[in-house]
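My numbering puts the first residue of the sequence shown at -12, with every later residue one more than the last. Note that beta-carbon positions come from the ideal geometry of N, C-alpha and C, so glycine has one too. Since the structure is predicted, the reported quantities are computational estimates derived from the model, not experimental observations. Quick notes on the structure that follows.
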Amino acid sequence: MFEQNNCSITPIDQASSLRNMNTIDEINVIAVTGGKGGVGKTNIAINLSIALADLQRKVMLLDADFGLSNVDVMLGLRTRKNLYHVLKNECGIEDIIIPGPHGIQIIPASSGIREMANLNAHEHMGIIDSISHFNPTLDYFIIDTAAGISDSVSMFTHLANSILVVVCDEPASLADAYALIKVLSKKGVKKKFQIITNMVESSAHGERLFSQLEKVSNHFLEASLEYCGYIPNDKYIKKAIKKQKSVIDAYPSSRSSLGFARLAREINNKPIPTIISGSVELFLERQLSNQ
Ligand SMILES: Nc1ncnc2c1ncn2[C@@H]1O[C@H](COP(=O)(O)OP(=O)(O)OP(=O)(O)O)[C@@H](O)[C@H]1O
Ligand SMILES: [Mg+2]
């Protein structure tokens, strides 16, 4: 864990962090999550960012899988510094942002550094604080979260205006998505969960999968779910990953690339969901006081 005295985030000015969160409120902050590992969160976060940029939107992508980040690797980008160096007070957030494809901006995380996988609420707040002080004009701030239901995932989903939950047709994926929605709802998330079905064979297959999740959620939870669309199972995604390119760039006419364009239009046509006033502050104060 980081020493409180030798990283840039301390002494943390909690009040100013909370105030600065408002600057983030004006853009659509989207957390891509899903519970289970390997369901396609990072791939969706990357290609959705690019597809939104193709709609002339300004997009920043945060790699929030702090322990095992791989947005930069998936895109074949070189990074010299990342959020680890920001937390160590070696540089500011503006020094680590790298330009990605189609004009998107990327905030890279570190990979394989144990303390990054175990950040406490103060350290998370430090990252959020430095991002909110660095105030570029943006339309979308996309957050690629880690697998699981860690404090980190819960922190970023609380901050986001929209929570995209990625599910695929595996019992473990449905079970983990359900568990994630349940835990977040219990922790006070009152937003609609937007479900994306991934690696499905058809639109009907995606809808069936969504109905399954919706049925159990309606029965046992108070959470409200909304279907956001599907990304088909597509061998070109693996091929693009091997080339360290987005599928949109490597195979623009593949069915998944068309799926990402459709998803981006769907999201871009919706009004930005508003966060219930005071809910973020309440949650963060609770998290901080638990440390
Ligand atoms: N629509 C798809 N069609 C085919 N393969 C896919 C699709 N989406 C993702 N994949 C495959 O799934 C693998 C995992 O994807 P990705 O790394 O995006 O998942 P993740 O949920 O971010 O994983 P982690 O939880 O480890 O961060 C990719 O390497 C890719 O091969
Ligand atoms: Mg990932």
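In this structure, residue 46 sits away from residue 38, with a CB-CB distance that is not shorter than 7 angstroms. Remark: the shortest separation between the CB of residue 29 and any heavy atom of ligand 2 falls under 6 angstroms. Taken through DSSP and simplified to helix, strand or coil, residue 132 comes out as strand. Beyond the five residues adjoining it in sequence on each side, residue 186 comes within less than 6 angstroms, by CB distance, of 155 and 220 in the same chain, given in chain order. Counted as a single uninterrupted DSSP element, the alpha helix (DSSP H) harbouring residue 246 occupies residues 242 to 255. Secondary structure of residue 110 (DSSP, three-state): helix. DSSP, read as helix, strand or coil, puts residue 95 in coil.
In this structure, DSSP gives residue 191 a helical state, which the three-state scheme calls helix.
In this structure, residue 71 sits near residue 103, with a CB-CB distance shorter than 7 angstroms.
Between ligand 2 and the CB of residue 59, the shortest heavy atom gap is not smaller than 6 angstroms.
Residue 213 and residue 200 have their C-alpha atoms spaced approximately 11 angstroms apart. Listed in chain order, the beta strand (DSSP E) elements of length 3 or more contained wholly in the stretch 20 to 54 are 46 to 51.
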